[in-house]
Amino acid sequence: MSDEEKVRKGLVGVIADESRVSSVMQASNTLTYRGYSVGDLCDNTSFEEVAYLLLHGELPTRLELEKFSSAERENRNIDPGLWKAMQSFPMDSHPMDALRSFISLYAMYDTDAHLSQLDKASYIKKTIKLLATVPMFIAWDRRRRVGLPFVQPKQSFGISENFYNMCFAEVPKQETMKAFDVSLILYAEHSFNASTFTARVVTSTLSDYYSAITAAVGALKGPLHGGANEAVMQMFDEIGSPEKSEAWTMDALLQKKKIMGFGHRVYKNGDSRVATMQKYFFKLAELKGDTRYRSFYENVAKVMLREKNIHPNLDYPSAPVYRLIGFETFFFTPIFVMSRIAGWSAHILEQAEDNRLIRPICKYSGAKERSVPRMDAR
Ligand code: SDX
């Protein structure tokens, strides 16, 4: 079988296209957004600046950031018809299903949802609308599920602070907000991951922006992808106490279970984002005086490295950060969505600007050609 005919299940190792948005460098275990290392961005910028960078290709000047941030704050409103529809969302639905449905419904209320594909300004405008309303929806959905009233957005707050205030009705400590903002920067973009590639496939048919985002949310929900951060916290809760981590993990490996938060399709010697998220995780744990999650975190990782030489991915440190901040586990993946809107949108724009329908071929392995027998001969 020639190399061309070799089936690469899961598209492992297949270079499907070029992109200028980010570079995941396996050899050096580094990640850059438009040429800037994510560690540098986490220490020196905000999520808003990174969202602007991903969309426009350059970091914003002070004036550009003010305009971008004002546009986002001015879009923190939801059509009354959509608010009405949201009230019927089942309280026991999966938060990712609710969020996916919200985006689908939001599209129907956006008058320019189907503007022409090549109108960069309209893509940016739609991205800003989702950067503004997705956090609002997540906070509203969380508050109603825990029996609390909706907290109105505050124009004086940026994306991270506003989301925190809408969730907890209080202004966060600076260190807490920094850890959260860093998680949004690290979750924002990661080249051709499954959900981003899904968004590009949908865009390649010249379908609309919201259809591409909705499809990406569906892909991200899976526990092999974005759903892993929730599964990490479910794992810690199931282990129960840090000293049981070794036995629990060994038993799970014996049963050939996948340990959530570990492994990666591209990084095989560790996810370059983990060190940065871990730094802020440990700082937050110290600030909160809660070292319990750090013990789980270090104990399970020790077993995975010793037994399988498999390293953590970003979902592993982000899960305890979200627990320490106070988010319920079922909101961890929606928070991933809130951030990845930026990366998905940058890729949707890039695909639309230089499009070719994405349509791979498959190697047929079904029945040989045959004729149709009469009914009584079947
Ligand atoms: C994200 O692509 C991206 O960039 C995604 C992401 C992003 O920012 O968009 O980085 C975000 O999705 C991170 C990944 C989150 N998912 C998880 O944490 C789920 C657990 N991880 C695994 O399911 C797995 O590591 C994947 C899905 C992430 C990668 O799978 P691959 O590349 O298909 O590798 P594989 O499943 O073929 O594993 C190779 C070997 C296997 O052993 P053998 O069958 O060959 O003996 O490693 C083992 C696997 O069993 N293995 C694991 C493991 N991950 C791989 N064994 C136990 N636990 C694990 N987590």
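Okay, so the sequence shown: first residue is 48 according to our numbering, each after it adds one. A virtual CB, placed ideally from N, CA and C, is assigned to each residue, including glycine. Predicted model, so just to flag it, every value in this text is computed and none were measured.
(request) Can you give me the Cβ contacts of H311 inside the same chain, cut-off strictly under 6 Å, excluding the 5 residues immediately before and after it? (result) D318, N360
(request) Tell me whether T77 sits in a helix, a strand or coil according to DSSP, three-state version. (result) strand
(request) For Y314, name the three-state secondary structure that DSSP assigns. (result) coil
(request) Express the C-alpha separation of V59 and Y411 in angstroms, rounding to a whole number. (result) 19 Å
(message) Alpha carbons only, please: which of C214, A294, R320, V218 is nearest the one belonging to Q73?
(response) R320
(request) Please work out which residues of its chain come closer than 8 Å, Cβ to Cβ, to F442, disregarding the five sequence neighbours upstream and downstream, and give them in chain order. (result) The structure shown does not extend to residue 442, since the chain is modelled only from 48 through 425, so no value can be given for it.
(request) Flag this pair as yes or no: are the beta carbons of V61 and R67 separated by less than 8 Å? (result) no
(request) Pull up the distance between the alpha-carbon of K201 and that of L233, whole angstroms please. (result) 25 Å
(message) Just checking S313 against the ligand SDX - is the residue's beta carbon closer than 7 Å to any of the ligand's heavy atoms?
(response) At residue 313 the sequence reads Val, which differs from the Ser that was named. V313 Cβ: within cutoff of the ligand SDX.
(message) I want to check one thing, is the minimum distance from the CB of M224 to the heavy atoms of the ligand SDX below 7 Å?
(response) no
(message) Check whether the stretch 239-254 and the stretch 262-275 touch, using three or more Cβ-Cβ pairs below 8 Å as the test.
(response) yes
(request) Please look up how many angstroms separate the CB atoms of I395 and L177, rounded, as I've assumed it's under 8 Å. (result) That pair is no contact at about 11 Å.
(request) Within its chain, find whatever has a CB closer than 6 Å to the CB of V198; leave out the 5 residues flanking it on each side and keep chain order. (result) M213, A216
(message) Nearest by alpha-carbon distance to D126: which of F184, L78, M138, F115 is it?
(response) F184
(message) Considering only their Cβ atoms, is the gap separating Y369 from I382 smaller than 8 Å?
(response) yes
(request) Would you mind sorting V193 into buried or exposed? The rule is 16 or more other CB atoms within 10 Å of its CB. (result) exposed
(message) Which residue wins for smallest C-alpha separation from S93, given the options S386, M143, S135?
(response) S386
(message) Please give the ranges of any alpha helix (DSSP H) in the stretch 272-338, keeping only runs that are unbroken, at least 4 residues long and fully inside the region.
(response) 275-286, 292-301, 321-335
(message) One question on the structure: do F379 and E277 come within less than 8 Å of each other, judged by their Cβ atoms?
(response) Yes. Within cutoff.
(message) Output needed for F136: all residues of its chain with C-beta closer than 6 Å, excluding positions within five of it in sequence on either side, in chain order.
(response) A145
(message) Is it the case that the stretch 245-265 contacts the stretch 147-158, given that we only count it when at least three CB pairs across the two stretches are under 8 Å?
(response) yes
(message) If the criterion is Cβ atoms closer than 8 Å, does the pair R189 and E333 meet it?
(response) no
(request) Alpha carbon to alpha carbon, how far is G205 from L195? Give it in angstroms, no decimals. (result) 23 Å
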